[in-house]
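Here the working numbering is used: the first residue of the sequence shown is 770, the next is one more, and so on.
The beta-carbon is built from N, C-alpha and C at its ideal position, and this holds for glycine as well.
Computed from a predicted structure; not experimentally measured.
Have a look at the structure below, then the notes.
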Amino acid sequence: MPPDASYSFSKLIVHDLEKMAAFYRDVYGLHAVNRVRGQNIGGEEIDEIMVSADPNAEYGSLVLLKYLGRGPSPSGELILGFTTDDLPALLERVRAAGGGVHAPIKEIPEMKLRVAFATDPEGHLAELVQMLP
């Protein structure tokens, strides 16, 4: 019997919601497709932006969430994964948009890929993968 639930989305807790939405748009091409304001989780008010690679999507598989009554959260609670055809160019976009390189490009020939790790402006980690021919 198949499970009655399937993976749908992840939420990344951020502090500067607008800045982070712009970063993920500029670097990874993710479009803001929906926004939720005035709701709460366990009594804490939130503001969130849903982002998707498809600009016409109703919902996003990544949700940027800000708790309005909290300060910045520590990073490291989640590692996002992105694939690309041009890893050096993607890392340059990360730097240009205010992010950083956490670990430089490393080739893993046995897996036929190159990998690097980057951070967004708030320090959240992303694993960036380029498949090799």
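Worksheet entry | Nearest to Gly-838 (by Cα), restricted to the options His-784, Ser-777, Leu-897, Tyr-776 | Walking along the sequence shown from the start, residue 838 turns up at place 69. With distances taken between Cα atoms, Gly-838 lies closest to His-784.
Worksheet entry | Exposure label - Val-805; buried when at least 16 CB within 10 Å | Your numbering for residue 805 matches position 36 in the sequence shown. Exposed.
Practice prompt. With a floor of 3 residues, list each beta strand (DSSP E) that falls wholly inside the segment 846 to 897, ordered by position along the chain.
Written response: 848 to 852, 869 to 877, 882 to 888
Practice prompt. Would you identify the three-state DSSP class for Ala-822, choosing helix, strand or coil?
Written response: Position 53 of the sequence shown, counted from the start, is the residue given in the question as residue 822. Correct three-state label for Ala-822: coil.
Discussion item. Please state whether the Cβ-Cβ distance between Glu-814 and Val-832 is less than 8 Å.
Written reply: Residue numbering aside, residue 814 sits at position 45 when the sequence shown is read from its first letter. Residue numbering aside, residue 832 sits at position 63 when the sequence shown is read from its first letter. No, these two residues do not count as a Cβ contact at 8 Å.
Practice prompt. Mind the definition here: the segment 884 to 896 touches the segment 862 to 871 only if three or more C-beta pairs lie below 8 Å; say whether that holds.
Written response: yes
Practice prompt. Quick one: residues in its chain with C-beta nearer than 7 Å to the C-beta of Tyr-797, no 5 flanking neighbours on either side, listed in chain order?
Written response: Translated into positions along the sequence shown, residue 797 becomes position 28. These residues qualify, in order along the chain: Phe-851.
Worksheet item: Over what stretch of residues does the beta strand (DSSP E) that includes Tyr-836 continue unbroken?
Response: Residue numbering aside, residue 836 sits at position 67 when the sequence shown is read from its first letter. Element bounds for Tyr-836: 831 to 836.
Worksheet entry | Rounded separation between Val-820 and Leu-882 - CA only | Counted from its first residue, the sequence shown places residue 820 at position 51. Counted from its first residue, the sequence shown places residue 882 at position 113. Approximately 26 Å, taken between the alpha carbons.
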